[in-house]
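I have placed the structure first, in the form of structure tokens, so that the comments after it can refer back to it.
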Amino acid sequence: MEKLLARYRRASGEAKLFWNAYKRAAEYAAPEINSFCKAPGQTKSPEVMTSQALRSTNAFISEFIGSLTPPNRRWAELQPTQELVELVAKKSGFLNEDQIRLQLQVQYDAITKKFFECLDASNFYAVLKQFVLSIGIGTGCLLVSDQDSGPETGNRAPFEFIHVPTANLSLDAGNNSKIYGVFRDMEVRREEISEIWHDAEPDRLDEKESYKLVECCIFESDKKPKPWRFCVFEPSTGTKILRQDRRLPYNPYIVFRWSVVDGESMGRGPLLEAMADIKSLNALWRIYFDWIQRNGLGVTLVKSTEYAGADLDAFRNEEFQTGKLIAVNDPANFVPLRVAGDLSVNTFLVQEFTNAVRQQLLDIELPTENTMTAYETRERANRILRLMAGLIGRINLEFIEPFFSIGLRLMAAHGMIEIPEQVGGMNNFFTKIVLQSPLARSQQMADVDAARVALETLAMAQTPVAAQVVNMERFAEFVWVGSGAPAKLLNTKEESQAAQEQAMRQQVVLDQAKRTNLTGG
20 MEKLLARYRR
30 ASGEAKLFWN
40 AYKRAAEYAA
50 PEINSFCKAP
60 GQTKSPEVMT
70 SQALRSTNAF
80 ISEFIGSLTP
90 PNRRWAELQP
100 TQELVELVAK
110 KSGFLNEDQI
120 RLQLQVQYDA
130 ITKKFFECLD
140 ASNFYAVLKQ
150 FVLSIGIGTG
160 CLLVSDQDSG
170 PETGNRAPFE
180 FIHVPTANLS
190 LDAGNNSKIY
200 GVFRDMEVRR
210 EEISEIWHDA
220 EPDRLDEKES
230 YKLVECCIFE
240 SDKKPKPWRF
250 CVFEPSTGTK
260 ILRQDRRLPY
270 NPYIVFRWSV
280 VDGESMGRGP
290 LLEAMADIKS
300 LNALWRIYFD
310 WIQRNGLGVT
320 LVKSTEYAGA
330 DLDAFRNEEF
340 QTGKLIAVND
350 PANFVPLRVA
360 GDLSVNTFLV
370 QEFTNAVRQQ
380 LLDIELPTEN
390 TMTAYETRER
400 ANRILRLMAG
410 LIGRINLEFI
420 EPFFSIGLRL
430 MAAHGMIEIP
440 EQVGGMNNFF
450 TKIVLQSPLA
460 RSQQMADVDA
470 ARVALETLAM
480 AQTPVAAQVV
490 NMERFAEFVW
500 VGSGAPAKLL
510 NTKEESQAAQ
520 EQAMRQQVVL
530 DQAKRTNLTG
540 G
């Protein structure tokens, strides 16, 4: 227990170093759901003069979800790897790998379809916005919780998702920034303890109305094949409230960091990186509003020291206000006040900082027309891809792979899917996840366009070079799959060969018919 408390205190101390930066970012971008403010529904936000950070953050959330995990769509597919195909071929004694791949793909398609049916029936898309907002700030965390499913419970999904606010999150990471422990701070009433953790023993705690507890999952390398230890404890006394620690083969927490520096546990998001521009933009808008208040109502200035018969008591009694009319004998002694400063410079800077904030938060402006052409759609996706290019590997490693692995494990445990016997669990060595989201498709379409342009260039030479260099069957398959069409609709080698033989026979029949017509026979 002492080692566990030491890991928690170290992780909590490192997380608190980031909390001030996270809090400032949330104050500008999400003041209504700022979890770093301890009073629910209230924030101590700075004087925010513009909603640009809030609007761009909402655009970032929509772009992230729409580009990677669009609702009501299968945005990824499971496919067997070549290693699995070769293994099955070796065990079965078959030499036809195409047929084996086709059989395995049928099984994987059924698993993919069932997975997304469960995902749509779960609360995933309900908590996704909060998760992506935390990612935009720096570090997002989802807890995938096992739940009973079936007609008797009314649940069609064997899992549910719990968003862990960044203010309640601490991470234990190594020098390579790999996560070895997740700690979740919770304030729980006494009567809720047994409802949240069914095997808890709240009687071991002191008599209080509420408790500050820590739910954690830590990695212990000497405890394989279930190296993850899941437990709940009270940090002030070090009292464990579970009868026994749970041992898990996986970490149920999905932690995704937008960017991370080696040696640090918490991440930095695009909102955090844009804070300098957001603060500068806010300061410029404050200057602009001050200018409006001072000069926008037509302040006047007296030319001479004489008030030309004006009511001097009004000035002495400080009744003179901006825009107030005072009766004078000689209006010529009053002239409009000359405006101080050049507002055009301020307007230029406002536009510059606005563009910088939008660029960092993927707030891509749409054309003014109601619809976009296919070229505009692809170019917009390519621009987003360029902005997120350095992030694709982290998305797969920290989000996509554990997301599918945990979900499929729970579905298999509930008997909802049958994983191919040769896989032995959702092993990444035997199973690959192919993203089908718009962001992934944009890269595929770019490759298809490059191949098409290259083939057209070769064809323009009017020589048989293209046929000698390019395998047209592979080219057709590449274009088909790269365009997003299902690969299972393609012919196998045997089917393609049969189709070619049939076409040759038909051609022979046509040639014979032509010769018969020419000879008149």
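In terms of my numbering, the sequence shown opens at residue 20 and continues consecutively.
Using N, Cα and C, we set each Cβ at its ideal position, and we do this for glycine too.
Worksheet item: DSSP state of S111, grouped into three classes?
Response: DSSP, reduced to helix, strand and coil, places S111 within a helical segment of the structure shown.
Practice prompt. Give a yes or no on whether 9 Å exceeds the smallest Cβ distance from K110 to chain D.
Written response: The structure shown contains no chain D; it holds only a single protein chain.
Worksheet item: If you count every other CB in all the chains shown that lies within 10 Å of the CB of K42, and 16 or more means buried, which is it?
Response: K42 comes out buried.
Item to complete: Determine the burial state of E337: buried for a count of at least 16 other Cβ atoms within 10 Å of its Cβ, exposed for fewer.
Response: In this predicted model, E337 has a pLDDT of only 47, less than 50, meaning its place in the structure is not dependable; the value taken from the coordinates is given anyway. When all chains shown are included, E337 counts as exposed.
Worksheet item: Could you check where the beta strand (DSSP E) with F178 kicks off and where it finishes?
Response: Per DSSP, F178 belongs to the beta strand (DSSP E) from F178 to H182.
Worksheet item: By Cβ distance below 7 Å, which residues in the same chain neighbour R26 in space, the five residues on each side in sequence not counted?
Response: These residues qualify, in order along the chain: D191, G200 and I237.
Discussion item. One question on the structure: do S153 and A293 come within less than 9 Å of each other, judged by their Cβ atoms?
Written reply: It is not a contact, given that the beta carbons lie outside the stated cut-off.
Worksheet item: Assuming A589 contacts V498 under a Cβ cut-off of 8 Å, what Cβ separation, rounded to an integer in Å, is found between them?
Response: Absent from the model: residue 589. The displayed extent of the chain is 20 to 540, so no value can be given.
Worksheet entry | For I119 and A129, believed in contact at Cβ under 8 Å, the rounded distance | 16 Å between Cβ atoms; not a contact.
Discussion item. Between N77, A48, A40 and S70, which has its C-alpha nearest L381's C-alpha?
Written reply: L381 has its Cα closest to that of N77, out of N77, A48, A40 and S70.
Worksheet entry | Backbone secondary structure at L192 - three-state DSSP | According to the sequence provided, residue 192 is Ala. The question's Leu does not apply to it. DSSP, reduced to helix, strand and coil, places A192 within a strand of the structure shown.
Discussion item. So, with DSSP's three-state summary, where would you put G257?
Written reply: The answer is coil: DSSP assigns G257 none of H, G, I, E or B.
Item to complete: Using the Cα positions of Y144 and L138, report the straight-line distance between them to the nearest angstrom.
Response: Distance between the alpha carbons of Y144 and L138: 9 Å.
Practice prompt. Go ahead and label T535 buried or exposed: buried means 16 or more other beta carbons lie within 10 angstroms of its beta carbon, across all protein chains shown.
Written response: Of the other Cβ atoms in all chains shown, fewer than 16 fall within 10 Å of the Cβ of T535; this residue is therefore exposed.
Worksheet item: Considering only C-alpha positions, which residue in the set D225, G282 and D264 is nearest to S255?
Response: It is D225.
Worksheet entry | Contacts around E21, its chain only, beta-carbon distance under 6 Å, and the 5 residues preceding and following it disregarded | Exclusion of the five residues before and after E21 leaves no residue of its chain whose Cβ lies closer than 6 Å to its Cβ.
Worksheet item: When the Cβ atoms of the segment 213–225 are set against those of the segment 178–196, are three or more pairs found closer than 8 Å?
Response: By the Cβ criterion, the segment 213–225 is not in contact with the segment 178–196, since fewer than three pairs of Cβ atoms, one from each stretch, lie closer than 8 Å.
Worksheet entry | Buried versus exposed, by CB contacts within 10 Å (16 or more), W247 | Answer is buried; the Cβ neighbour count reaches 16.
Fill in: Where the alpha helix (DSSP H) through S75 begins and ends
Under the DSSP assignment, S75 falls in the alpha helix (DSSP H) whose first and last residues are Q71 to L87.
Fill in: With 16 other Cβ atoms within 10 Å as the buried cut-off, status of G286
Residue environment analysis places G286 among the buried positions, since at least 16 neighbouring C-beta atoms fall within 10 angstroms of its C-beta.
Worksheet item: Whose C-beta lies closer than 6 Å to the C-beta of E116 among residues of the same chain, with five residues either side of it excluded?
Response: Close CB contacts of E116 within its chain, under the 6 Å cut and outside five residues either way in sequence, are with V104 and A108 (chain order).
Worksheet entry | Proximity of E33 and S284 at Cβ, strictly below 9 Å | A distance below 9 Å separates the beta carbons of E33 and S284.
Fill in: Spatial neighbours of E102 in its chain, beta-carbon cut-off 8 Å, leaving aside the 5 residues before and after
Excluding the 5 residues flanking it on each side, E102 has same chain C-beta neighbours closer than 8 Å at F448 and F449, in chain order.
Item to complete: Report the rounded CA-to-CA distance for Q521 versus G157, giving the unit in angstroms.
Response: In a straight line, the C-alpha of Q521 is about 59 Å away from that of G157.
Worksheet entry | DSSP state of Y269 mapped onto helix, strand, coil | Judged by DSSP in its simplified three-state form, Y269 adopts coil rather than helix or strand.
Worksheet item: CB-CB under 7 Å to E96, same chain, minus the five flanking residues each way: which ones, in chain order?
Response: Excluding residues within five positions, the ones whose Cβ falls inside 7 Å are T131, V453 and Q455.
Discussion item. Measuring only the C-alpha atoms, how far is F37 from E475?
Written reply: One C-alpha to the other measures close to 53 Å.
Discussion item. Please list the terminal residues of the continuous alpha helix (DSSP H) segment that includes F422.
Written reply: E420 to A432 is the extent of the alpha helix (DSSP H) around F422.
Worksheet item: Going by the CB atoms, is the gap between Y307 and V233 shorter than 9 Å?
Response: With a cutoff of 9 Å on beta-carbon distance, V233 and Y307 are scored as not near each other.
Worksheet item: Nearest CA to the CA of P421: which residue from F367, L477 and I273?
Response: If we check each option's Cα against that of P421, I273 comes out closest.
Item to complete: Would you identify the three-state DSSP class for T100, choosing helix, strand or coil?
Response: Residue state, collapsed to three classes: coil.
Fill in: Residue interval of the beta strand (DSSP E) (run including E234)
In this chain, the beta strand (DSSP E) harbouring E234 covers S229 to F238.
Worksheet item: Mind checking R524: buried by the 16 CB within 10 Å criterion, or exposed?
Response: By the neighbour-count rule (16 or more Cβ atoms within 10 Å), R524 is not buried but exposed.
Discussion item. Using a Cβ-Cβ cutoff of less than 8 Å, which residues in the same chain neighbour L303 once the five nearest sequence positions on both sides are dropped?
Written reply: Residues N365, L368, V369 and F372 of the same chain have their beta carbon placed closer than 8 Å to that of L303, with the five preceding and five following residues left out of the count.
Worksheet item: When DSSP labels each residue in this structure, what does D281 get in the three-state scheme?
Response: In the three-state reduction of the DSSP assignment, D281 falls in the coil class.
Practice prompt. Can you give me the Cβ contacts of G426 inside the same chain, cut-off strictly under 8 Å, excluding the 5 residues immediately before and after it?
Written response: Excluding residues within five positions, the ones whose Cβ falls inside 8 Å are F134, C137, L138, V163 and F178.
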